[in-house]
Structure formats: structure tokens, C-alpha cells
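Just so you know, we're using my numbering here: the sequence shown kicks off at 1 and counts up by one. Structure first, then comments.
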Amino acid sequence: MPYIFSKYLKGSNRSLLLLVLSMFFFSGCAGIARTDSAGNEKHPDMRSAKLASKPIGRIEYDSFRSLKISTESPYLESESLKGRYEIVSIQGKKGQQFLITTTGICDCLGFRKWSVVPFSYLLDGDGGIVLAGKSTTPMAQTLAGAFPEDGDYYLMIVADSTSAGKRIGVISGGLAVPGRPYVPDIITLPMTSHPTGLVQVHYHKSE
């Protein structure tokens, strides 16, 4: 019986994609979501956003969780970045190497293919930026480094709203029929940016 093989963004890191997909399917019940409404809150910078917003959860070392950014999430409107955000807490030890990967997860029901474009920041208790994420694909950023001190840190993830509706990649699929050559790219659908959605967070040791 014919079936469809799908592949994600052209030119993206395939091993990262496989990791993200595995994390998504095996951690669906481990999501972190806001239990109250902060959709009317708007903050002009990260420091005030951090001080006004309590973490919606905690992510332990060597684990991954999904996190939901929704219309109930508060809004950051700074000069350089605009979008709804959420904050989770993590614990660090002085000198401990870490790697935090944040990846937007495709909402791929039917012909609708979209994902948030996440921007990630590691903050201290006062809202100061310890480290800013670096993009690996339009849908993913990494934070890699070592903690400067023992204590709690805060991962702030902002879903960029300025890119909403813009094309960030392509999902394509081919047809495979037993006994016949594989036919590539018979279906091609655009992946677009969306201001809300799921983000997968993986917090582990830096390689």
C-alpha cells in the first residue's frame, strides 16, 4: 500500500530534527502550561518582564519538557524583540557546563503547518541576561556555557511575533510503493511562523 515519507526543513540539521521529533512523541504528557491568564500584561524589557512574571514551572538537569506559549502568556514589547513569552526556572552549579536547546514544534494538523520562532535567554534572579541563545535553524536556538554561580536561573522563551505568517521552511513528502522506485517531493507545503504554540526544551550537559 502506498505511503508518504515526510521530511522537514531543507538544509536543517537532520539529527537535531530526529531528536526533537522523538522528544515530542515521548513527552506529550510532560508539558508545562500556564494555569492563570496574563494575556493582558505587556512589558518593555526583559528585566521588568522577569520581575513581573513568575516561572510557570521548573526544568531539571538532564531532562526535556514541552512548554506552551499561548494567548494567555504575557507579552514582551522591547525595541529589539516582540512576542508572547514564558519563563521556567532551572538550577545551576558554579562552573557546571550546560546546553539548553529550545525548539518550536510544528502544529501539523491537516494542511496547516506552522511553528513558533523561539528566542531564548538565560536570566539571573534580577532579570539580567546571563546568556542569549544562538539560532541553529529558524525553529531552534541553543544556549551553551557554564554557570557563573550556584543558584536558580531563569529560562525566558519569547515566541517572535514580528515574523508571524512568514515562511520559515518547507515540509516535503515523497511516495513509496513496494517494488517501485521512490518518487520524491510529490507534496510540498510551506512551514510558516506563528505567534503561539509549543516549544520543546532540552536541558543537559554541554558536549
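Heads up, the beta-carbon is just placed ideally off N, CA and C, and yes, glycines get one too.
Let me see if you follow: with CB-CB separation under 9 angstroms, is residue i close to chain E or not?
i    : result
Q141 : No chain E is part of this structure, which consists of one protein chain only.
Taking the alpha helix (DSSP H) that residue i falls in, what are its first and last residues?
i   : result
L51 : 46–52
Can you name the start and end residues of the beta strand (DSSP E) that residue i belongs to?
i    : result
Q96  : No beta strand (DSSP E) contains Q96, which DSSP labels as neither H nor E.
L76  : 75–77
T137 : 134–137
V199 : 197–204
S66  : 63–69
P118 : 118–123
A140 : 140–146
In this structure, does DSSP put residue i in helix, strand or coil?
i    : result
L81  : coil
I168 : strand
V103 : Residue 103 is actually Thr in this sequence, not Val. Looking at T103 - three-state DSSP - the assignment turns out to be strand.
Y153 : strand
P190 : strand
K113 : coil
D160 : strand
G128 : coil
S6   : Caution applies to S6, whose pLDDT of 38 falls short of 50 and renders its modelled position unreliable; the value that the coordinates give is listed next. Three-state result, S6: strand.
E41  : coil
E86  : strand
R58  : strand
Taking only the alpha-carbon atoms, compute the straight-line gap between residue i and residue j and give it to the nearest angstrom.
i    : j    : result
I87  : E77  : 16 angstroms
I69  : Y182 : 38 angstroms
D126 : K50  : 8 angstroms
S208 : A146 : Since the first residue of the chain shown is 1 and the last is 207, residue 208 is not available in this structure.
T35  : D107 : 21 angstroms
L198 : S37  : 17 angstroms
E72  : V116 : 15 angstroms
P195 : A33  : 16 angstroms
Y203 : W114 : 24 angstroms
E79  : G31  : 31 angstroms
G151 : R58  : 13 angstroms
L122 : G39  : 22 angstroms
K94  : S120 : 21 angstroms
T137 : D124 : 26 angstroms
P148 : P118 : 24 angstroms
Would you please state the rounded distance, in angstroms, between the beta carbons of residue i and residue j? I believe it to be under 8 angstroms.
i    : j    : result
T142 : I105 : About 16 angstroms separates the two Cβ atoms, so there is no contact after all.
A140 : T103 : 4 angstroms
G205 : Q97  : Looking at the sequence itself, residue 205 is Lys, so the reference to Gly does not match. Sure, about 6 angstroms apart at Cβ, within 8 angstroms.
I168 : T188 : The Cβ separation is near 14 angstroms, so there is no contact.
Beta carbon of residue i: closer than 8 angstroms to some heavy atom of the ligand HEM?
i    : result
D160 : Looking at this structure, you won't find the ligand HEM or any other ligand, since it has none at all.
Margin query: Under 8 angstroms, with one C-beta from each stretch per pair, do the region 42–54 and the region 130–150 reach the 3-pair mark?
Written below: no
Margin query: Counting beta carbon pairs with one atom in the region 43–51 and one in the region 59–72, are three or more of them shorter than 8 angstroms?
Written below: no
Notebook entry, point to check: Hey, is the region 80–100 in contact with the region 148–164, meaning 3+ C-beta pairs nearer than 8 angstroms?
Noted result: yes
Check: Would you call the region 35–44 and the region 145–159 in contact, with 3 or more CB pairs under 8 angstroms?
Finding: no
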